[in-house]
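Residue numbers (full-length UniProt numbering): 1 to 330. We treat Cβ as the ideally placed atom computed from N, Cα and C, and that holds for glycine. On a predicted model such as this, the values are computed, not experimentally measured, just so you know.
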Amino acid sequence: MLLTSRRGLLAASATGLLAGKSALAQPALPANWPDRPIRIIVPYAAGGITDVISRGMAVGLQGTLGQPVVVENRPGANGTVGTLVAARAPADGTTLTMGITDTFAINRSTFRSLPYSDENDFVPISMVTRVPFALMVGAHRREITDYASFIREARREAGRLSHASWGVGSSSHLAFEFVARAERFEKLHVPFAAQAPGMQAVASGQVDSMMLPVGGANSLAVDNRARILALAHPTRIELTPNVPTLTELGVPLATGLWLALYAPARTPAPIIARLNAAVREGMRNEQTQAVFRQQAGAAEPSTPEELAAFAARERVQWAQLVNEKNIRVE
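This is the structure we're talking about:
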């Protein structure tokens with residue numbers, strides 16, 4: 001849940017050398033691998049940050065692996081539909097999925113019956129990037145000019161101020177719940193099927209506010225269709241230098257969305273190693289880096305073991321908030 005430093009991520013696991021030794025016993029990587037196109041399943045609709053980052057990453061991987069890398073959107077049920085498709089794909093390294101906070105940390109707590117196991121049905125490849133959340137309000141709420149006036153109006157309206165998310169129990173929903181709990185106000189939750197429809201609802205004045213990745217919020221702010229009130233990040237960032245952090249405003253929330261590549265379980269270790277190396281090399285692609293920068297992210301490659309340890313900690317932290325708020329998806 002918390003956005004930790006790169007150093008903290010690297011310190012999360014010291015098992016890389018052991019994994020390297022075990023990999024020596026694995027069959028060698030086929031000389032011609034990959035010999036066919038690779039697909040990245042995105043379990044959300046086009047236009048959201050998971051889709052945008054995946055397409056940026058596909059550019060880098062394609063140049064590194066020498067095969068077309070295509071993005072396939074399979075949205076539904078807060079990422080469970082597409083993630084299940086990826087879990088059932090052949091374990092040959094040609095089908096990957098872009099896992100995010102929701103699909104690999106939160107859903108196991110919010111869904112009473114999750115159709116996949118984020119631990120047993122997948123093997124981690126590498127962290128890709130992490131982006132902070134921003135709290136934004138639609139331009140139609142002219143009386144809300146900053147965070148203080150947002151809280152004032154939220155308390156005054158007592159459950160009528162609406163906020164969008166990309167689904168019940170999503171990271172967008174839970175991050176807003178944290179702020180509402182900290183500031184002691186009631187609100188009206190309006191869940192959508194994806195990030196983009198929620199953004200459009202705020203921009204058109206149908207919904208008042210939303211917690212979402214700062215890149216998406218900034219795309220509306222620059223067009224004067226929304227205002228960014230606060231950033232859920234430890235420090236201010238270059239993309240929005242004048243936006244205060246929630247920590248500055250007295251709310252100890254530093255969170256956002258992390259994105260990482262996974263393959264189906266039983267994918268051979270040599271293929272995972274090759275994919276990990278390809279991710280690291282592909283992240284050097286300038287077009288890929290430009291996509292990350294537009295979303296206020298940066299390339300954050302990791303070992304598979306580091307990603308596994310990070311995701312395990314995330315599951316524990318998000319489960320605490322889910323259980324406290326008793327948020328469940330039937």
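Legend entry - Alpha-carbon to alpha-carbon, Trp33 and Leu231: 43 Å
Inset, instruction - Grab the span of the beta strand (DSSP E) containing Pro132 for me, first residue to last. - result: 122-138
Legend entry - Beta-carbon proximity of Val123 to Ala265, cut-off 8 Å: yes
Legend entry - Integer Cβ distance of Val279 from Ser126, believed to fall under 8 Å: 4 Å
Inset, instruction - Using the DSSP secondary-structure output, state which residues sit across from Met210 in a beta bridge. - result: Met136, Ala164
Inset, instruction - Just confirm the distance between the C-beta atoms of Gly99 and Ala194, as a whole number of angstroms; I'd bet it's less than 8 Å. - result: Going by Cβ atoms, the distance from Gly99 to Ala194 rounds to 16 Å, so no, they are not a contact pair.
Inset, instruction - Buried or exposed for Val316, please, with buried defined as at least 16 other CB atoms from any protein chain shown within 10 angstroms of its CB. - result: exposed
Inset, instruction - Could you pull out every unbroken alpha helix (DSSP H) segment of at least 4 residues lying fully inside the region 85-119, listed in chain order? - result: 107-110
Inset, instruction - Note down, in chain order, each residue of its chain lying with its Cβ closer than 7 Å to the Cβ of Phe178, except the 5 sequence neighbours on either side. - result: Leu253, Leu321
Inset, instruction - Please classify Thr64: does DSSP put it in a helix, a strand, or coil? - result: helix
Inset, instruction - Classify Lys21 as helix, strand or coil using the three-state DSSP reduction. - result: A caution first: Lys21 carries a pLDDT of 41, below 50, which makes its placement in the model too unreliable to give a value.
Legend entry - Where residue 333 falls: helix, strand or coil (DSSP): As shown, the chain starts at 1 and ends at 330. That puts residue 333 outside it, with no answer to give.
Inset, instruction - Identify whether Ile327 lies in helix, strand or coil by the three-state DSSP scheme. - result: coil
Legend entry - Burial state of Gly66, where buried means 16 or more other Cβ atoms lie within 10 Å: exposed
Inset, instruction - Tell me where the alpha helix (DSSP H) around Glu143 begins and ends. - result: Premise fails: Glu143 is in no alpha helix (DSSP H) and is neither H nor E.
Legend entry - Alpha-carbon spacing of Arg284 relative to Ala134, whole angstroms: 27 Å
Legend entry - Option nearest His140 by Cα separation, candidates Arg181, Ser162, Ala148: Ser162
Inset, instruction - Use the C-beta contact count for Gln62: other C-beta atoms within 10 angstroms, 16 or more gives buried, fewer gives exposed. - result: buried
Inset, instruction - Tell me whether the beta-carbon of Thr80 lies closer than 8 Å to the beta-carbon of Ala86. - result: no
Inset, instruction - Note down the Cα distance separating Glu286 from Trp258, rounded to an integer number of angstroms. - result: 21 Å
Inset, instruction - Could you tell me which residues DSSP pairs with Gly256 in its beta bridges? - result: Pro132
Inset, instruction - Sort out for me which residues DSSP pairs Pro191 with in a bridge. - result: Ser165
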